[in-house]
Ligand SMILES: Nc1ncnc2c1ncn2[C@@H]1O[C@H](COP(=O)(O)OP(=O)(O)OP(=O)(O)O)[C@@H](O)[C@H]1O
Ligand SMILES: [Mg+2]
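Residue numbers (this note's numbering): 30 to 481.
Set out below in C-alpha cells:
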C-alpha cells in the first residue's frame, strides 16, 4: 500500500449539547454517588454501567455489547455518554439511530460500517518542529482579492506568542492567517503551529485560575514552559473512518464522485479499508500509534432488521470493533424483516450476548436536581417558585418537556426585563408549547376536523 500521509485528515467528534452536563458516571471511591458528574439518581443503572466500564478496562468484554432498556427520557442516552466519559476523556462517542440505516443513497451495511469505524480512534505520535505558546496579540494584514474588487483577503498576520520563559513576535503567511481566522483564534488561546505544514492547532484556553466549568468547547490548559520554537512529540487523533476517506481520496475514488454523484452515494471499497487496517496495525506494532476503541451508541435499536443484526454480530467479533451500546424503549415487538416477535425486537442469539441495563422513571426530587443542573448548564436563572413549577411539569408531562422549556422561559424573562425566570414565565410559555400528552389530547378532541 502507498504511504498514508496523515497531514490533511481532520477529525470530527460528535457534539452532544443536550447531554453536555454529563461528565461521567458519578463514581467516587468506587461507589456511585446520588448526585455527581452531572448525573442524578438512576443509581442502580449507573452501578451496572460502572461494572461494564470495569469489564471493558480489564479486557473482559470481548464479543459482548450493552443494551439499555427503559421508558423515554429516563437517561438511556445520558448513561451511554457516561460510560464513554469513564473510559477516558478522548474516547470517541458516535451516536446513531437504528432508523438511519434506511437511506436511499447508501447501503445499510455501508452506513453501519462507517458508524463503527467512526467510533474507533487511533492516536498517532510524531516528533515535529513547532511554534507553541499562548496568543497575546494577532494583527492581520489584508490585501485586495485577486478577482473580486469588493473583497479583501488576509495577506498574512503578525502574532505574539508567549511561554512562561519567552515572548516572540512572529510574522506568518496568508495560509496560516486564514487558519487563525477560521479557527477563531483569540488572545488567551494556547496554539501550536507546525513548521513544515503550517497547520494551526488550538490546544485550549490559558488556565488563569478562573472558573473551569465552561460551556465552551475549548479545554483549559497551562501556559507552556521553555522556548517557543522547539521539537515536540505531538499526539493526534484520527478515526478509522477519517483514514478510510483519506485513503479513498488518494486513490482517486472520490474524484469520480464529483461528476454528478454525492460523495455519500459511493461505497468505500473493502480493499481501501483493509489497507487502512494494515496501516494502523503497523503503526501500533511500530510503537507509533495506539488504538482507542470508542463507543458506538445505537438508539432505537428495534428499528434494525434481521440482515443488519447478522452483519452487526459479525462486526462485534472483529478485533477492530468499538464498544457497542444499544438502547430501546420497546417491550416485546417484531424483529424487523421477520414475523418473529422477540424481547425489544432483538434476535435471541444477539440477546444472548447482551448485557442488559434497565433505567427507571424519575421521581420529583430527581427531576428537580436534573433541572437545576441543566439550568446551570444553559445559564438560566430559575427562581424558587419556577423550579417547583418546572418540576411539577416534569412529573406530569416528562423530564424532556421540562428541560425543553428552559430556553423559551429565559427568552420570555428577558423580554419582561428580568434576569430571573419566574413561575409566571413558565405558565406563559407552557401554553405556547404543548407536551406530548397535551398534544395528543388536543388532536383527539379535534380529530374530525383534520384531513384523513
Ligand atoms: N439521571 C440523570 N441525571 C442528569 N441528567 C439526566 C439524567 N437522566 C436524563 N438526563 C437528561 O435528561 C434528558 C433526557 O434524557 P435522555 O435523552 O438520556 O433519555 P432517554 O432515555 O435516552 O430517552 P429516549 O427514550 O427518548 O431516547 C437529557 O438531557 C439527559 O442528559
Ligand atoms: Mg435517548
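Yeah, the Cβ is synthetic: ideal placement off N, Cα and C, and Gly gets one too.
- With a 10 Å radius around the Cβ and a threshold of 16 neighbouring Cβ atoms, residue 436 comes out exposed.
- Contact check for residue 115 against residue 69 fails: the beta carbons are separated by 9 Å or more.
- For residue 328, the Cβ falls inside the 8 Å cut-off from some heavy atom of ligand 1.
- Residue 189 places its beta carbon 9 Å or farther from that of residue 337.
- In the three-state reduction of the DSSP assignment, residue 70 falls in the coil class.
- Judged by pairs of C-beta atoms under 8 Å, the segment 150-161 touches the segment 263-270, as three or more such pairs exist.
- Short note on residue 96: C-beta not closer than 8 Å to any heavy atom of ligand 1.
- Taking all protein chains shown into account, residue 373 has 16 or more neighbouring C-beta atoms within 10 Å of its C-beta and is therefore buried.
- Here the distance from the Cβ of residue 356 to the nearest heavy atom of ligand 2 is below 8 Å.
- Checking the DSSP bridge columns, you'll see residue 234 partnered with 218, 249.
- Excluding the 5 residues flanking it on each side, residue 257 has same chain C-beta neighbours closer than 7 Å at 160, 161, 162, 190, 192, 195, 197, in chain order.
- By the CB criterion at 9 Å, residue 386 and residue 95 fall inside the cutoff.
- Here the C-alpha atom of residue 327 lies approximately 6 Å from the C-alpha atom of residue 356.
- Per DSSP, the unbroken beta strand (DSSP E) holding residue 352 starts and ends at 352-357.
- Secondary structure of residue 362 (DSSP, three-state): strand.
- Under DSSP, residue 64 forms a beta bridge with 69.
- From the listed residues 475, 219, 146, the smallest Cα separation to residue 125 is found for 146.
- Contact annotation: the segment 449-457 touches the segment 400-416, with at least three C-beta pairs closer than 8 Å.
- Taking each of 204, 187, 404 in turn and checking the Cα distance to residue 228, the smallest one comes out for 204.
- For the set 383, 347, 438, the Cα lying nearest the Cα of residue 354 is the one of 383.
- 429 is the residue among 429, 463, 388, 379 whose C-alpha sits nearest the C-alpha of residue 403.
- As computed with DSSP, residue 156 is found in a beta bridge with 262.
- Pairwise C-beta distances place the segment 97-110 out of contact with the segment 300-308, as fewer than three of them are shorter than 8 Å.
- Each of 71, 150, 67, 49 was checked against the Cα of residue 391, and the nearest Cα belongs to 71.
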